[in-house]
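Undergrad:
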């Protein structure tokens, strides 16, 4: 690391990261507008999509965490109605991505044979003519789901996971390669496929395709803006780029003065700071943060910033889970202080707290009562946002007794 690197204290790095991610603005008590949703899009660039709906769909939660209770229809309009501000594609994972980045992701579409999952590539090879047939169906009848165009075939049912038909896989291949896109989701959360020119804003669809290196530089720049200060690994991970491509983009951005070499005590790796990153003196934020939030995409970064060793446990056998199936982190006053496993029991009208734990990384000066009080307040607000009338606490976790007494 150059001797001229910007020196940043660990507490400053945390605040830079939180501010870059959009935390610290006033929450609650005001209607969240389309303009405010756009501000979050501008900051984080993408919302990861996940099919698990144990509390709420993953892509709805980042705006809630940053802005408080809001009408999710505002995000639905941004993603699925003209003028679209988001489009579905593979960013960090399956995500709603800032639509202005669609041209910068066309190189990934062009490399579908190298980048896409093996099952998608195999469907092209093993089912001659199927992809063309599906594309023609989408062009003629779209927006349309895969189920609406499925032909009779034997499905594999011998494994857990992505048990797709060949038609569904062909649709996903066409989406990955950019020949079709998602026009939205039906009530069963199935994609409704359509041609890009019928979905994307004309000014986006009509943009020239940038040269690959410049497109990747744009993606790394958006990652740097969203992270504030980051290692190469973090900049690469945000849009799942290769190490070589990321290094070239970093060199370009440093040469342009958009990235600045930085050093944070204790991180032990070369870092870069976004030149225009805010460096607030404090960040006042209390929020429940979901496992798929961009604040915690990269687990080594989470460890470096907050001292938190986080593992999502949905794939862990229940007897081996430490914190629970789908645990949220409680961010409070620049620290992650608790974890709680939540479930929205919509039939009973109850937000069920399956467990509540003090995080091992919580500052020692924060006593359990203080943390439980902050968590209780957030749970009441979340239950109201979800349209649930009660919060019930199961007696599991070291915070559970205090939390139950408060609620």
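Residue numbers (our numbering): 406 to 812.
The beta-carbon is built from N, C-alpha and C at its ideal position, and this holds for glycine as well.
Pair every Cβ in the region 480-492 with every Cβ in the region 622-637, then say whether three or more of these pairs are closer than 8 Å.
TA: Too few Cβ pairs lie closer than 8 Å, so no.
Undergrad: Straight-line CA distance for residue 779 to residue 786?
TA: Straight-line Cα distance between these residues: approximately 11 Å.
Undergrad: Between the C-alpha atoms of residue 754 and residue 792, what's the straight-line distance to the nearest angstrom?
TA: Straight-line Cα distance between these residues: approximately 7 Å.
Undergrad: Have a look at 580, 421, 435 and flag the residue whose alpha-carbon is nearest the alpha-carbon of residue 499.
TA: Answer by Cα proximity: 580.
Undergrad: Does the distance from the C-beta atom of residue 644 to that of residue 456 stay below 8 Å?
TA: Taking 8 Å as the Cβ cut-off, residue 644 and residue 456 do not qualify as a contacting pair.
Undergrad: Where residue 634 and residue 679 are concerned, what is the direct C-alpha to C-alpha distance, given to the nearest angstrom?
TA: Going by the C-alpha atoms only, they are around 6 Å apart.
Undergrad: Within 10 angstroms of its Cβ, does residue 431 collect 16 or more other Cβ (buried), or is it exposed?
TA: With fewer than 16 other Cβ atoms within 10 Å, it is exposed.
Undergrad: Taking buried to mean at least 16 other C-beta atoms within 10 Å of its own C-beta, is residue 451 buried or exposed?
TA: Buried.
Undergrad: Please report the straight-line C-alpha distance between residue 801 and residue 669, rounded to a whole angstrom.
TA: Going by the C-alpha atoms only, they are around 37 Å apart.
Undergrad: For residue 719, does the count of other Cβ atoms within 10 angstroms reach 16, so buried, or fall short, so exposed?
TA: Classification for residue 719: exposed.
Undergrad: With C-beta atoms as the reference, is residue 597 less than 8 Å away from residue 548?
TA: Taking 8 Å as the Cβ cut-off, residue 597 and residue 548 qualify as a contacting pair.
Undergrad: Among the residues of its own chain, which have a CB less than 6 Å from the CB of residue 464, if the five just before and after it don't count?
TA: So the list reads 452, 454, 501, once near-sequence residues are dropped.
Undergrad: Helix, strand or coil: which one does DSSP assign to residue 666?
TA: Correct three-state label for residue 666: strand.
Undergrad: With a Cβ-Cβ cutoff of 8 Å, do residue 819 and residue 532 count as a contact?
TA: Given that the chain is displayed from residue 406 to residue 812, the structure contains no residue 819 and the question cannot be resolved.
Undergrad: Return yes when the Cβ of residue 540 is within less than 8 Å of the Cβ of residue 739, no when it is not.
TA: Against a cut-off of 8 Å, the Cβ pair of residue 540 and residue 739 comes out as no contact.
Undergrad: Rank 671, 495, 656 by C-alpha distance to the C-alpha of residue 665 and give the top, closest one.
TA: Of the candidates 671, 495, 656, the one whose C-alpha sits nearest the C-alpha of residue 665 is 656.
Undergrad: Fully enclosed by the region 499-556, which alpha helix (DSSP H) runs are 4 residues long or longer?
TA: Complete alpha helix (DSSP H) runs here, min 4: 511-515, 517-520, 523-531, 535-546, 551-554.
Undergrad: Apply the 10 Å Cβ neighbour rule to residue 794 and answer buried if 16 or more other Cβ atoms are within range, or exposed otherwise.
TA: It is exposed - the Cβ of residue 794 has fewer than 16 other Cβ atoms within 10 Å.
Undergrad: What residues in its chain sit with their C-beta under 6 Å from that of residue 565, if we drop five residues either side in the sequence?
TA: Any reading at residue 565 needs caution, since the residue's pLDDT is 40, under 50, leaving its predicted position unreliable; the model's value is listed next. Around residue 565: no qualifying Cβ.
Undergrad: With 16 other CB atoms within 10 Å as the buried threshold, where does residue 764 fall?
TA: Buried: at least 16 other Cβ atoms inside 10 Å.
Undergrad: Pull up the distance between the alpha-carbon of residue 561 and that of residue 545, whole angstroms please.
TA: Here the model assigns residue 561 a pLDDT of 48, short of 50, so the residue's position is not dependable, and the following value carries that caveat. Their Cα atoms are separated by approximately 29 Å.
Undergrad: Alpha carbons only, please: which of 783, 638, 550, 599 is nearest the one belonging to residue 673?
TA: Ranking 783, 638, 550, 599 by Cα distance to residue 673 puts 638 first.
Undergrad: Exposed or buried, what is residue 608 when buried is set at 16 or more other beta-carbons lying within 10 Å of its beta-carbon?
TA: Its Cβ having fewer than 16 others within 10 Å, residue 608 is exposed.
Undergrad: With burial defined as no fewer than 16 other Cβ atoms inside 10 Å of the residue's Cβ, what is the status of residue 559: buried or exposed?
TA: Confidence at residue 559 is low in this model, with a pLDDT of 47, below 50, so the placement of that residue should be treated as unreliable; the coordinate-derived value is given next. Residue 559 should be labelled exposed.
Undergrad: Quick one: residues in its chain with C-beta nearer than 7 Å to the C-beta of residue 418, no 5 flanking neighbours on either side, listed in chain order?
TA: Once the five neighbours on either side are set aside, the close Cβ partners of residue 418 are 634, 669, 710.
Undergrad: In this structure, does DSSP put residue 355 in helix, strand or coil?
TA: Only positions 406 to 812 of the chain appear in this structure, which leaves residue 355 out of reach.
Undergrad: Between which two residues does the beta strand (DSSP E) containing residue 749 stretch?
TA: Its beta strand (DSSP E) spans residues 740-750.
Undergrad: Hey, residue 746 and residue 732 are a contact pair by Cβ (cut 8 Å); roughly how many whole angstroms apart?
TA: Correct: roughly 5 Å between the Cβ atoms.
Undergrad: Would residue 813 and residue 807 qualify as a contact pair, given that the criterion is a beta-carbon distance under 8 Å?
TA: Only positions 406 to 812 of the chain appear in the structure, and residue 813 is not among them; the question remains open.
Undergrad: Looking only at DSSP bridge pairs, what is residue 691 linked to?
TA: In the DSSP output, where bridge partners are listed per residue, residue 691 has 737.
Undergrad: Taking buried to mean at least 16 other C-beta atoms within 10 Å of its own C-beta, is residue 592 buried or exposed?
TA: Under this definition residue 592 is an exposed residue.
Undergrad: Determine which residues share a DSSP beta bridge with residue 790 and list them.
TA: Answer by DSSP bridge pairing: none, since residue 790 is not bridged.
Undergrad: Return the residue from the list 642, 460, 519 that minimises the CA-CA distance to residue 752.
TA: Measuring from the Cα of residue 752, the nearest candidate turns out to be 460.
Undergrad: As a quick exercise: from 776, 529, 620, pick the residue whose alpha carbon is nearest that of residue 572.
TA: If we check each option's Cα against that of residue 572, 529 comes out closest.
Undergrad: Tell me, to the nearest whole angstrom, how far the beta carbon of residue 624 is from that of residue 506; I am working on the premise that it is less than 8 Å.
TA: So it is a contact: roughly 7 Å between Cβ atoms.
Undergrad: Go ahead and pull the three-state DSSP assignment for residue 711.
TA: Helix.
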